[in-house]
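Participant:
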Amino acid sequence: LYQLLTGKLPFWSNLSPQQVAALPPYALLGAVRTHDVSYPRATWSGVTAEGQALVAAMLQRDPAQRITAAAALAHPWFQRVLGYTPAATGLEKERAEAVSNNVEFSARVAAMHL
1 LYQLLTGKLP FWSNLSPQQV AALPPYALLG AVRTHDVSYP RATWSGVTAE GQALVAAMLQ
61 RDPAQRITAA AALAHPWFQR VLGYTPAATG LEKERAEAVS NNVEFSARVA AMHL
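Just so it is clear: in the sequence shown, position 75 is 75 by full-length UniProt numbering, and no numbers are missing.
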């Protein structure tokens, strides 16, 4: 959800999509365990406080503190946006392109686990 809303990965929001795509696949796995999630103001300016709170709850490192899938789907932010198109949620072209550029990196990470 972080990536869908911002067009960036949670751990490297200061990197360009091209730089992220060049990272080795194991970098994301290590970041999940060791890095804090960044929430740069410029990146999150178009996301509601409610959306930001949901993402923060989903990215809690401690599983006991993390929101469950059922609770996330019942969250008011999800209830409001379910069924909306990207245009209706205000996802800008730049963010959509960045998400697309990050697909290669995500696919490489997924391939490591096959």
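Beta carbons: idealized from backbone N, C-alpha and C, even for Gly. Computed from a predicted structure; not experimentally measured.
Between the C-alpha atoms of D62 and P10, what's the straight-line distance to the nearest angstrom?
Facilitator: Taking the straight line joining both Cα atoms gives about 16 Å.
Participant: Mind checking L28: buried by the 16 CB within 10 Å criterion, or exposed?
Facilitator: Answer is buried; the Cβ neighbour count reaches 16.
Participant: Please return the same chain residues whose Cβ sits closer than 6 Å to the Cβ of Q79, not counting the five positions on each side in sequence.
Facilitator: Counting only Cβ-Cβ distances below 6 Å, and skipping sequence neighbours, we find nothing.
Participant: Does the Cβ of Y2 have 16 or more other Cβ atoms within 10 Å, making it buried, or fewer, making it exposed?
Facilitator: Classification of Y2: buried, given that the 10 Å Cβ count is 16 or more.
Participant: For L54, count neighbouring Cβ atoms within 10 angstroms of its own Cβ and tell me buried if that reaches 16, exposed if not.
Facilitator: Burial call: buried.
Participant: Tell me the residue span of the alpha helix (DSSP H) that contains T6.
Facilitator: 2 to 6 is the extent of the alpha helix (DSSP H) around T6.
Participant: Should A88 be labelled buried (16 or more other beta-carbon atoms within 10 Å of its own) or exposed?
Facilitator: Since pLDDT at A88 reaches only 48, below the 50 mark, its modelled position is unreliable, and the value read off the structure follows with that caveat. A88 should be labelled exposed.
Participant: Based on Cα-Cα distance, which residue from A31, R41, T43, P17 lies nearest to L59?
Facilitator: Checking every option, the nearest Cα to that of L59 belongs to A31.
Participant: Find the nearest neighbour of G7 within the set H35, T43, L23, A71, judged by alpha-carbon distance.
Facilitator: G7 has its Cα closest to that of T43, out of H35, T43, L23, A71.
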